[in-house]
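Structure, as structure tokens:
There are 2 protein chains.
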Amino acid sequence: MQFGFQIGTKVLFGKGCLITNKALLNKFGKKALVVTGKGSAKASGALDDVEEILKEYKIEYSIYDKVENNPSLENVAEGGKIARELNVDFIIGIGGGSPLDASKAVAILAANDIEPLELYKNVFDNKPLPIIAIPTTAGTGSEVTPYSILTRNDMKTKMSFGNEDTFPKVAFIDAAYTESMSYETTVNTAVDALSHAMEGFLSRRSTPVSDALAIEAIKIFGECAEALIDNNIDFSVREKLLYVSMLGGMVISHTGTTIIHGLGYSLTYFKDIPHGKANGLFMREYLKYNYNAVNEKINKVLELFKVSTIDEFGDIIDKMLKNDINLSSEEIQLYASLTMKQRSTSYNAREVAEGDLIDILEKTFLSPN
Amino acid sequence: MQFGFQIGTKVLFGKGCLITNKALLNKFGKKALVVTGKGSAKASGALDDVEEILKEYKIEYSIYDKVENNPSLENVAEGGKIARELNVDFIIGIGGGSPLDASKAVAILAANDIEPLELYKNVFDNKPLPIIAIPTTAGTGSEVTPYSILTRNDMKTKMSFGNEDTFPKVAFIDAAYTESMSYETTVNTAVDALSHAMEGFLSRRSTPVSDALAIEAIKIFGECAEALIDNNIDFSVREKLLYVSMLGGMVISHTGTTIIHGLGYSLTYFKDIPHGKANGLFMREYLKYNYNAVNEKINKVLELFKVSTIDEFGDIIDKMLKNDINLSSEEIQLYASLTMKQRSTSYNAREVAEGDLIDILEKTFLSPN
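So the sequences go chain by chain: A and B. Each residue of the first sequence is one higher than the one before, starting from 1 at the first, in this note's numbering. Each residue of the second sequence is one higher than the one before, starting from 370 at the first, in this note's numbering.
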């Protein structure tokens with residue numbers, strides 16, 4: 001038995017947790033930069049709550065609300081420059097995965113005047129500023145991971161960095177902030193969370209503790225599957241999904257992801273398919289591909305979903321996500337080749353050859369129907 | 370769903386983890402105090418390994434090896450004074466629960482020249498020195514908790530303190546360092562770990578995450594029960610027990626303990642019964658007492674142990690621990706009364722009255738056999 005464990009984030013989970021624990025915001029300094037996008041931070045009410053608390057504690061703040069969907073290096077460079085110039089003490093990320101991941105990059109760039117490409121060196125002269133994370137979607141888990149996943153236009157994909165100093169110091173995780181999500185975003189992000197738990201569970205880097213958390217996550221997702229399919233998503237389902245998302249984040253903090261994420265990045269980069277949906281579409285073939293390598297664990301996934309075959313599992317995911325994508329042979333070749341370059345591909349249970357990825361892509365996107 | 374989660378410790382688990390990750394010791398300063406007892410740190414080989422690494426990195430160090438079994442306030446006050454006078458940068462605790470708990474107190478007292486009784490205020494002007502924890506028993510879980518449990522001679526019991534700054538910064542958890550334990554210590558400490566997981570699982574403060582970890586811990590302990598009874602404890606069993614111990618620590622970091630620990634402290638204080646054994650003896654009556662309040666969870670415990678009744682569970686524990694204690698009515702009255710004063714008693718699943726504790730004590734120690 002050989003493993004590491006580290007979650008550098010203090011988690012407060014539950015309705016009203018930000019207000020109840022607002023004094024925590026007053027521990028990180030007198031000047032903050034709020035990093036967010038245009039949408040969910042406002043719609044969710046989280047930004048209003050944060051502003052109210054910052055005013056109450058007389059903490060100066062600015063808002064950088066230009067985080068793009070799937071933020072680029074150029075995007076976070078702008079946020080980092082603003083943080084550096086304002087000389088803020090800490091960063092508050094509010095939103096889905098994009099703003100939360102961006103806030104980590106901004107926290108590093110605020111403390112280190114480096115080229116954004118140097119983020120990928122993952123070693124910095126100065127510690128990143130403390131990060132507070134407030135998720136408004138239930139999928140990324142970024143609030144409890146050290147990872148920042150940014151779009152690399154030079155590489156035509158998304159790639160991650162992060163080290164033990166980029167764990168958010170505090171995560172306020174309140175399902176009330178996820179209620180403004182559309183049905184599609186709810187489903188897509190939920191499937192992302194499932195993907196984290198499942199890829200982590202089946203990863204070569206899985207640990208006994210990450211497995212215990214992954215099993216809990218997959219089980220709870222299974223309890224929500226019918227509500228997701230039926231668009232019958234009440235507050236208790238939203239809480240469960242947010243809990244699954246947090247667990248998924250804790251899992252991948254130890255395991256990273258594998259080929260589902262690697263393949264999904266291409267669908268997002270080239271076809272603008274939302275990240276969670278991009279992952280989910282690969283799940284059926286991913287499980288079939290890996291079955292012989294980790295059959296006991298995959299049987300456990302099926303048991304947790306209360307199904308007996310991978311196809312039954314795949315059918316559940318298909319009811320959540322519409323596969324309306326057609327890929328050409330050239331696209332399939334390109335995506336497979338880009339996925340082979342992802343470090344995470346080497347952590348997949350079964351050793352991956354480019355032809356295997358082509359096969360998965362063809363079965364998923366070149367099927368007769 | 371309302372909960373918090375925080376484990377402020379970076380864990381390295383596995384054979385050779387200290388040597389493999391020795392560079393971590395070089396991150397905390399140039400002067401260390403090693404806090405330990407007379408026995409296990411040396412016998413286990415852990416102290417030798419630590420000294421070798423400190424010499425390699427030219428880190429000055431002193432050794433305070435006077436930690437008592439069940440250390441008193443007076444004991445840690447001496448260690449704290451030495452640390453303060455030596456002006457060390459960090460503390461390395463090596464040993465069972467006693468040295469590890471003492472190292473937390475020493476880390477606080479090194480940075481704060483206060484009366485030891487003020488440790489229980491749990492708020493300190495200066496942050497405690499960083500603590501590195503290396504367990505040599507598999508029971509305490511102290512390597513991943515913020516708690517320091519010291520003997521209060523003024524209160525005639527043991528009481529705990531600790532806050533988020535007293536989590537060890539790094540825990541090196543290697544079953545090789547637990548191989549020098551006697552059979553009795555192995556069993557007693559293992560039962561302590563089980564108690565952490567079980568009390569945490571049944572506590573009013575249990576959380577979804579602590580429950581997932583507790584279930585894993587109880588299941589793995591169950592896998593080791595036969596080996597413990599048969600004194601057939603090979604390295605893989607030692608690793609499992611150390612893993613259970615770590616999980617138990619993570620559980621009680623969120624839940625604290627309940628009446629088993631409260632009652633056990635009296636047996637240890639007045640009768641010198643080892644801590645784990647003192648806990649284990651109460652388990653049968655504890656489960657019966659709480660059954661109606663948390664029957665589903667207790668059924669889960671029995672299922673994880675692969676038994677169908679509480680008495681079958683109790684019989685397994687009885688095969689591990691010899692109940693050779695007789696208590697007078699006066700002693701029972703005193704122990705019940707002292708346990709009522711423990712804050713942890715209020716976290717027990719069933720609301721506890723003093724008469725209930727008397728009943729548990731009588732059934733355990735005044736039975737006809």
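For glycine and all other residues, C-beta sits at the position ideal for the given N, C-alpha and C. Just so it is clear, the structure is predicted and the values come from calculations on it, not from any experiment.
Who does residue i pair with in a DSSP beta bridge?
i	result
A/P135	A/G95
B/L381	A/G4, B/F541
B/F530	B/S517
B/S431	B/L402
B/F753	A query on residue 753 of chain B cannot be resolved here, the shown segment of chain B reaching from 370 to 738 and no further.
If you reduce the DSSP assignment to three classes, tell me which class residue i lands in.
i	result
A/L327	coil
A/G249	helix
A/P237	In the sequence as displayed, the identity of residue 237 of chain A is Val instead of Pro. Helix, per DSSP.
A/P116	helix
A/V294	coil
B/A476	helix
B/D494	coil
A/T140	coil
B/R712	helix
B/A471	helix
A/V307	coil
B/N648	helix
B/V436	coil
B/N738	Note that B/N738 has pLDDT 44, beneath the 50 cutoff, so the model's placement of it is unreliable and the number below is only indicative. Three-state result, B/N738: coil.
B/A412	helix
B/E720	coil
B/N601	coil
A/S337	helix
Since residue i is in the beta strand (DSSP E), which residue starts that stretch and which ends it?
i	result
A/F221	Where A/F221 is concerned, there is no enclosing beta strand (DSSP E), although the alpha helix (DSSP H) it sits in stretches over 208–229.
A/G80	Element bounds for A/G80: not the beta strand (DSSP E) but the alpha helix (DSSP H), 73–86.
Can you tell me where the alpha helix (DSSP H) holding residue i begins and where it ends?
i	result
B/M524	It is not in any alpha helix (DSSP H) - B/M524 carries neither H nor E in the DSSP assignment.
B/G408	No alpha helix (DSSP H) holds B/G408; DSSP gives it neither H nor E.
A/K27	That residue, A/K27, is in no alpha helix (DSSP H); it is neither H nor E in DSSP.
A/Y286	283–290
A/Y183	183–202
B/E425	415–425
A/G355	354–365
B/E681	679–689
A/Y269	259–271
A/T20	17–20
Between the beta-carbon of residue i and the beta-carbon of residue j, is there less than 8 Å?
i	j	result
B/L488	B/A474	yes
A/Y64	A/V35	yes
B/T505	B/G465	yes
B/L636	B/I501	no
B/L671	B/I584	no
A/Y265	A/I360	no
B/D470	B/I518	yes
A/T145	A/R205	no
A/G29	A/D89	yes
A/N153	A/S72	yes
A/L12	A/I173	yes
B/T708	B/I628	yes
B/F682	B/T733	no
B/L611	B/A544	yes
Can you tell me whether residue i sits near the ligand NAD, meaning its C-beta is under 7 Å from at least one heavy atom of the ligand?
i	result
A/V67	The ligand NAD is absent from the structure shown, which contains no ligands of any kind.
Report the residues of the stretch 571–605 of chain B with a CB closer than 7 Å to any CB of chain A, ordered along the chain. Within the stretch 571–605 of chain B, the qualifying residues are P577, A581, L582, E585.
Name the residues in the stretch 311–341 of chain A whose C-beta lies less than 9 Å from a C-beta of chain B; which are they? Answer set for the stretch 311–341 of chain A: empty.
Of the residues that make up the stretch 6–19 of chain A, which ones have a beta carbon closer than 9 Å to any beta carbon in chain B? Q6, I7, G8, T9, K10, V11, L12, F13, G14, K15, G16, C17: these are the residues of the stretch 6–19 of chain A whose beta carbon lies less than 9 Å from some beta carbon of chain B, given in chain order.
Residues within the stretch 22–54 of chain A neighbouring chain B, beta-carbon criterion of under 8 Å: Hits within the stretch: zero.
Along the stretch 65–79 of chain A, what residues have a CB closer than 7 Å to any CB found in chain B? So the list is empty, because no residue satisfies the distance condition.
Residues in the stretch 543–560 of chain B having any Cβ partner in chain A nearer than 7 Å: Listed by position along the chain: nothing, the set is empty.
Listed from N- to C-terminal order along the chain, which residues in the stretch 646–658 of chain B have their beta-carbon within a distance smaller than 7 Å of any beta-carbon of chain A? Per Cβ criterion, the list is empty.
Contact list for the stretch 84–110 of chain A against chain B, Cβ threshold 9 Å: Per Cβ criterion, the list is empty.
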